[in-house]
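Notes to accompany the following structure.
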Amino acid sequence: MTRPLRQDAARRRADILEAARTVFAESGLEAPLDLIAERAGVGRATLYRNFADRYVLALAVFADQLDQLAQRTLARGDDPQAFFAFINDLADLQVRNAGLAAALRAPSSAEMLAQVRRTLVEAGGPPLARAQAAGLVRPDLGPEDIRAIALMLSSAANAVGTDPQAMSQRARMIVLEGLRTRP
């Protein structure tokens with residue numbers, strides 16, 4: 001059982017995540033961890049006490065952003081269009097985190113990756129069910145298909161030799177059209 005973090009430890013962790021989000025966005029996944037620690041106002045030891053390596057840190061940044069996406073999706077309540085907003089927001093999130101491919105493959109990321117997968121299904125499952133009940137989304141899809149959708153969108157965001165934003169936009173349009181029911 002994991003103990004909750006003390007208030008000061010939780011604040012430092014949040015500061016590290018915010019600094020990492022900014023630094024990774026500016027400089028990519030290979031950005032110096034010293035720079036992240038400096039921007040967070042912590043020492044290197046504190047950074048490593050919270051995150052074993054850069055891959056765990058990068059995935060934690062993604063997981064934090066995914067939690068925020070889940071909260072926004074939940075705030076949409078019973079809106080049957082919430083699933084489409086979830087997919088759009090997920091695609092945007094993946095473009096912003098396009099350099100995560102190496103972090104996803106790192107052995108140290110296995111536990112965090114399992115959490116990300118659970119969050120995806122938990123956040124997208126209820127809106128998917130509401131969209132299906134409203135007749136907006138194909139009835140043959142299940143919550144586990146959200147992982148496949150996320151992988152498709154991630155592949156587009158990470159395509160080499162293309163504009164990630166344009167490729168992601170195109171993939172998003174194809175995915176959304178494929179999810180809709182047909183008359």
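The letter at position 27 of the sequence shown is residue 27 when you use the UniProt record's numbering, and the numbering goes up by one with no holes.
Note that beta-carbon positions come from the ideal geometry of N, C-alpha and C, so glycine has one too.
Are the CB atoms of A131 and F83 nearer to each other than 7 Å?
Taking 7 Å as the cut-off, the beta carbon of A131 is found closer than this to the beta carbon of F83.
Mind checking whether A91 and S168 have CB atoms under 7 Å apart? Their beta carbons are under 7 Å apart, which means A91 touches S168 by this criterion.
Requested in this report: Check whether the stretch 87 to 105 touches the stretch 134 to 143, counting contact only when three or more Cβ pairs, one atom from each stretch, lie closer than 8 Å.
Outcome: By the Cβ test, the stretch 87 to 105 is not in contact with the stretch 134 to 143, since fewer than three Cβ pairs between them sit closer than 8 Å.
Q. How should S109 be labelled, buried or exposed, when 16 other C-beta atoms within 10 angstroms of its C-beta is the threshold for buried?
A. Counting C-beta atoms within 10 angstroms of its own C-beta, S109 has 16 or more neighbours from the protein chains shown and is therefore classed as buried.
Note to self: Less than 7 Å between the C-beta atoms of A19 and A40, yes or no?
What the structure shows: In contact: A19 and A40 (Cβ atoms closer than 7 Å).
- Looking at the unbroken alpha helix (DSSP H) that takes in L93, where does it start and where does it end? For L93, the enclosing alpha helix (DSSP H) has its first and last residue at A82 to R96.
Task: Proximity of L59 and A103 at Cβ, strictly below 7 Å - done: Cβ distance < 7 Å, so L59 and A103 count as in contact.
**Report entry** First and last residue of the uninterrupted alpha helix (DSSP H) at G178
**Finding:** That run of the alpha helix (DSSP H) goes P164 to L179.
**Asked** Where does A25 land, buried or exposed, given buried means 16+ other C-beta within 10 angstroms?
**Response** The C-beta of A25 has fewer than 16 other C-beta atoms within 10 Å across all chains shown, which makes the residue exposed.
Item to complete: Apply the 10 Å Cβ neighbour rule to L112 and answer buried if 16 or more other Cβ atoms are within range, or exposed otherwise.
Response: Before going further, note that residue 112 is Met rather than Leu in the sequence given. The residue in question, M112, is buried, as its Cβ has 16 or more Cβ neighbours within 10 Å.
Euclidean distance between Cα positions of V42 and L17 | The alpha-carbon of V42 is positioned some 12 Å away from that of L17.
(message) Buried or exposed for A171, going by 16 or more other Cβ atoms inside 10 Å?
(response) Under this definition A171 is a buried residue.
Starting from P139, trace the alpha helix (DSSP H) in both directions and tell me its first and last residue. P139 -> no alpha helix (DSSP H), and no H or E assigned at all.
Query - CA-to-CA distance, L74 to L136, given in whole angstroms - result: Taking the straight line from one Cα to the other gives about 18 Å.
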